[in-house]
Amino acid sequence: MSTKKRTLISPALRAAMLWPHTWAGVTLGGLLMLIFFMGSLAVFADEIDRWMMPDTRIGAVGAPAPDAPFSLDRHVLPVVEQLAAGRGLRDWYAKLPDARRPAMALRVRTDGGVSGGMATADGRLLPPVGTLGATSFFYPLHYSLHLRAGFVGYWIVSFATVAMLAGLISGIIIHARIFKDFFTFRSWGQLRRSLLDLHNLTGVLVLPFHLMISFTGIVIILPMVLPAGVNALYDGDVQRFYDDALGNYSRPRSGTPAPLAPLDPMLAEAKRLWGGGEAAVVFVINAGDAASVVRLNRDTGDRLSLDVEPIFFDGVTGALLKHQRPGPVVATHRLLSGLHFAAFDHWPLRWLYFLFGLSGCALIGTGLLYWLEKRRVADTAVVGLGWRSVGALACGSITGLLIATLAMMAANRLLPADVPSRELVEAGLFFLAWIGSAIHAAIRTRRDPPWAAQCSAVAALAGACVGLNWLTTGEHPLRAIALGDWPVLGVDAVLALTAWTAWRVARRLSHRQSHRPGASALTMTEATDHV
Amino acid sequence: MSDAWAMVTVFGLCGLAFAGLALTVGRHWGDLVDRRRDPPRRLVTRLRLAAALCLAAALSVAVRHQGVGFGLLLWTLALSVAALSVAAGITAMSRPDRTADPR
Chain D
671 MSTKKRTLIS PALRAAMLWP HTWAGVTLGG LLMLIFFMGS LAVFADEIDR
721 WMMPDTRIGA VGAPAPDAPF SLDRHVLPVV EQLAAGRGLR DWYAKLPDAR
771 RPAMALRVRT DGGVSGGMAT ADGRLLPPVG TLGATSFFYP LHYSLHLRAG
821 FVGYWIVSFA TVAMLAGLIS GIIIHARIFK DFFTFRSWGQ LRRSLLDLHN
871 LTGVLVLPFH LMISFTGIVI ILPMVLPAGV NALYDGDVQR FYDDALGNYS
921 RPRSGTPAPL APLDPMLAEA KRLWGGGEAA VVFVINAGDA ASVVRLNRDT
971 GDRLSLDVEP IFFDGVTGAL LKHQRPGPVV ATHRLLSGLH FAAFDHWPLR
1021 WLYFLFGLSG CALIGTGLLY WLEKRRVADT AVVGLGWRSV GALACGSITG
1071 LLIATLAMMA ANRLLPADVP SRELVEAGLF FLAWIGSAIH AAIRTRRDPP
1121 WAAQCSAVAA LAGACVGLNW LTTGEHPLRA IALGDWPVLG VDAVLALTAW
1171 TAWRVARRLS HRQSHRPGAS ALTMTEATDH V
Chain R
391 MSDAWAMVTV FGLCGLAFAG LALTVGRHWG DLVDRRRDPP RRLVTRLRLA
441 AALCLAAALS VAVRHQGVGF GLLLWTLALS VAALSVAAGI TAMSRPDRTA
491 DPR
């Protein structure tokens, strides 16, 4: 095996792969850390939403549906009218309640702007949530960095993702003894060796997941990244392409007012066409117009594929407009997208996605730390500007990112409900906390980045989040268990685990520093090991 | 067999498979079993065969209980979980302060 491999991968190839691997890691490591971390949070976006929006903690998750059967006409339409508040309604959509998210989420576009809200399954509008939550803040940060103008953020993320793929494959080529070191993690001895062991371990053993998630991540936005086909066949008209490929339907507003036909018969017809399965989202486009269109998406909880099987009805007559099954290429695209989204109803897989997403953070983090350890100048007080920059970058993207996320969650529980533009204040605090910790890291990185201080901050903030959730909503762990409110309990448990781990790491680090001045941060691996 | 038991079986079989494979690696054999000589050839072959059988059995359980798509996905991710757990176990068992001769 080894002789064969030696001829397969020459030392020259290995050396050639090393510098792009290193440069990609050092330059894009921070960005990839953000993408992986936010992607991991997005797996549990609904649960974090429930934690951040206490008013939506209605009904225990998994509780049976309310007595009266759910009706679009009686339970959804009145809420839409309420949200429109007399302004001319243009389009709206509602994510329908299900066992995992018992509150429905609505978004309404009127002549006077866009408004959104959450409502109970029996049609009671809940007070404004006052937060973007995980669904509208952490999750978009994962794929667009909130830079939507000109799809700049999407391009940056896809560039980083390609670099991740290149990093994974070049890493495998560089790794000289994959099979001999397959299970090796020497947590003792030299820190540098432990870091490299951990880097190799997460890189090799979780490789199937990392390859899959990076590849499918690009596949989702393939029409944007590789636009040649759409340009040649549709003159670059993406809307027409999506209409054709995904079975979408669109038509312009006619300008003639007309009432909306009852929605419930359409829902029943859609369920019949799907042959079982529940509706997940209802859209009404051109509401109140003669050209109005009703779109129903199927829930994908029972399948891997993200094929939502959209069904389109005429909003005035209720007649079926379009129900098109995807062709083989689109079906493949939907399957690959589904593998990435993990929208399926499967708790073990959700946890595995979450943990392996974090293992991606560990992979990137140990890579950065290994780079730092390898280039540490022994026993000199002065380190170069490059070393200090990477040190500050690593610190800002590992502990800084945790601090920012936790600061936003703490602010979510601390800010009063009547703060103007509360959701933007929260988001602003996220970025302020992040910039603050990055500046702190940049200033304090001398012989070491300020790991201990920032780990203490992580521990304090995570602990504060658990405490604040208790104080402001009265939902302490015991009560959550009694109510069977597993999402809130789960978020609290992960926060508590983060606090405990960060506190232990901080203590060990400061202990070592006070006993052996100049000694390296031996337990930093632990900081990247958890959330 | 209930879903929970199927899950335990899939992860357990994958763990067994990787534990067997880990013993065929010289370094871990040395740390855990016998530092003086390498694992016998025949034992290595048998362990590899047993590991392959365990992995195949895990795949079959996963596919039977979860369907082809979910089963394959779960099995693939279970491989990583099992391998990481085995690595963690080896680390815990072969720390120099635990073994007979500290370096």
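Order-wise, the sequence lines are chains D and R.
Residue numbering for the first sequence is 671 to 1201, as defined by our numbering.
Residue numbering for the second sequence is 391 to 493, as defined by our numbering.
A virtual CB, placed ideally from N, CA and C, is assigned to each residue, including glycine.
Give a yes or no on whether the minimum CB-CB distance between R/ARG436 and chain D is below 8 angstroms. no
Compute the beta-carbon to beta-carbon distance between D/TYR919 and D/LYS992, rounded to the nearest angstrom, for a pair I have assumed lies under 8 angstroms. Confirmed, about 4 angstroms.
Could you check whether the Cβ of R/THR399 sits closer than 8 angstroms to any Cβ belonging to chain D? no
Interface residues of chain R facing D/SER857 [CB-CB closer than 8 angstroms]: THR481 and ARG485
Whole-angstrom distance between D/LEU937 and D/ILE842, CA atom to CA atom: 50 angstroms
Three or more C-beta pairs below 8 angstroms linking the segment 995 to 1006 of chain D and the segment 974 to 987 of chain D: Yes: at least three Cβ pairs fall under 8 angstroms.
Using a Cβ distance threshold of 8 angstroms, determine whether the segment 697 to 713 of chain D contacts the segment 816 to 824 of chain D, with at least three qualifying pairs required. no
Cβ closer than 8 angstroms: which chain R residues qualify as neighbours of D/PRO878? THR466, LEU467, LEU469 and SER470
Answer with yes or no whether the minimum CB distance from R/LEU439 to chain D is below 8 angstroms. With 8 angstroms as the cut-off, R/LEU439 does not count as an interface residue toward chain D.
With 8 angstroms as the threshold, decide whether the Cβ of D/GLY732 is near any Cβ in chain R. Summary for D/GLY732: the model assigns pLDDT 45, below 50, so the residue's position carries little reliability, and this model does not support an answer.
Between the segment 939 to 947 of chain D and the segment 887 to 906 of chain D, do at least 3 Cβ pairs fall closer than 8 angstroms? no
Kindly indicate which residue of D/LEU1141, D/SER1029, D/SER857 and D/ALA1064 has the alpha-carbon position closest to the one of D/ARG1114. D/ALA1064
Counting only Cβ pairs nearer than 9 angstroms, list the residues of chain R close to D/THR854. The contact set of D/THR854 on chain R, defined by CB atoms closer than 9 angstroms, consists of VAL415, ARG417, HIS418, ALA477, ILE480 and THR481 in chain order.
Please say whether D/LEU930 and D/LEU742 have beta carbons closer to each other than 8 angstroms? no
Pairwise C-alpha distance: R/ALA477 and R/VAL400: 18 angstroms
What does a CB cutoff of less than 6 angstroms around R/ALA441 pick up in its chain, not counting 5 residues either side in sequence? ALA407, GLY410 and LEU411
Suppose only complete runs of 3+ residues qualify. What are the beta strand (DSSP E) ranges in the segment 734 to 820 of chain D, listed by chain order? 759 to 765, 774 to 780 and 783 to 789
Near-chain R residues of the segment 1013 to 1040 of chain D - C-beta to any C-beta below 9 angstroms: Of all residues in the segment 1013 to 1040 of chain D, PHE1014, HIS1016, PRO1018, LEU1019, LEU1022, TYR1023, LEU1025, PHE1026 and SER1029 have a Cβ within less than 9 angstroms of some Cβ in chain R.
Which of the three DSSP states, helix, strand or coil, is assigned to R/ALA478? helix
Taking Cβ positions only, does D/LYS941 come closer than 8 angstroms to chain R? no
What number of angstroms, rounded off, separates the C-alpha of D/ASN956 from the C-alpha of D/SER884? Between D/ASN956 and D/SER884, the C-alpha separation is close to 37 angstroms.
Nearest CA to the CA of R/GLY405: which residue from R/PRO486, R/LEU449 and R/ALA472? Among R/PRO486, R/LEU449 and R/ALA472, the Cα nearest to that of R/GLY405 belongs to R/ALA472.
Are the CB atoms of D/THR1036 and D/HIS869 nearer to each other than 8 angstroms? yes
Please list the terminal residues of the continuous beta strand (DSSP E) segment that includes D/VAL964. 963 to 968
Grab the span of the beta strand (DSSP E) containing D/PHE1014 for me, first residue to last. Taken as a continuous stretch (DSSP letters only), D/PHE1014 belongs to no beta strand (DSSP E), as it is neither H nor E.
Which same chain residues end up closer than 7 angstroms to D/GLY837 when comparing Cβ atoms and leaving out the 5 residues on each side of it in sequence? So the qualifying residues of the chain are HIS691, ALA694 and GLY695.
Helix, strand or coil: how does DSSP classify D/ILE679 here? In the three-state DSSP reduction, D/ILE679 falls in the coil class, being neither helix nor strand.
With which residues is D/LEU990 paired in a DSSP beta bridge? For D/LEU990, which the question treats as bridged, DSSP gives the partners D/PHE983.
So, helix, strand or coil for D/PHE829, using DSSP? helix
Is the CB of D/ALA1197 under 8 angstroms away from at least one CB in chain R? Since pLDDT at D/ALA1197 reaches only 41, below the 50 mark, its modelled position is unreliable, and the value read off the structure follows with that caveat. No, its Cβ sits nowhere closer than 8 angstroms to a Cβ of chain R.
On the DSSP letters alone, give me the boundaries of the beta strand (DSSP E) that D/PHE953 sits inside. 949 to 955
Counterpart residues of D/PRO927 in DSSP-defined beta bridges: D/ASP959
Does R/GLY459 come within less than 8 angstroms of chain D when only Cβ atoms are used? yes
Please say whether D/PRO1119 and D/ALA1062 have beta carbons closer to each other than 8 angstroms? Yes; because the gap between Cβ atoms is below 8 angstroms, this pair is in contact.
Hey, D/VAL874 and D/ARG921: beta-carbon distance below 8 angstroms or not? no
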